[in-house]
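Note sheet for the following structure.
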């Protein structure tokens, strides 16, 4: 796989998430996907993402920085959202918050196989 392909897969997967096109998720995400070291599989990963979107109805991934090589993508995503209830254990309760996620995506068979994600929880706390 070339660098442009890994970048395109990532951008297309983000467009899939933003469109909530769950039926197409398997086009971009490997059946044996792992998230932060935990084996979720495609169905578990999809369930996690569907829950995120249910808790954050206006969830939209804004790619702020993307660095790619043929086997992985590092990305900084920005979110400007109004979560329902708690977010990361914080009582957001419908207040608008802005924060970033730093994520690393590793590929296998031209699909996202591993995701490592760190969310800037301190930025959310500072806004509450």
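Residue numbers (the working numbering): 5 to 132.
Quick reminder that beta carbons are idealized off the backbone N, C-alpha and C, glycines included.
Notebook entry, point to check: Nearest to residue 128 by CA position, among 86, 121 and 119, is which residue?
Noted result: 86
Notebook entry, point to check: Under a Cβ-count criterion, where at least 16 other Cβ atoms within 10 Å of its own Cβ denotes burial, should residue 130 be classed as buried or exposed?
Noted result: exposed
Checklist line | residue 59 in three-state terms, based on DSSP | finding: helix
Next item on the list: Using alpha carbons as the reference points, say which of 73, 75, 74 and 64 lies closest to residue 104.
Entry: 64
Check: Counting Cβ pairs closer than 8 Å, one from the segment 104 to 116 and one from the segment 11 to 19, do we hit at least three?
Finding: yes
Next item on the list: Just the C-alpha distance for residue 89 and residue 32, rounded to the nearest angstrom, thanks.
Entry: 30 Å
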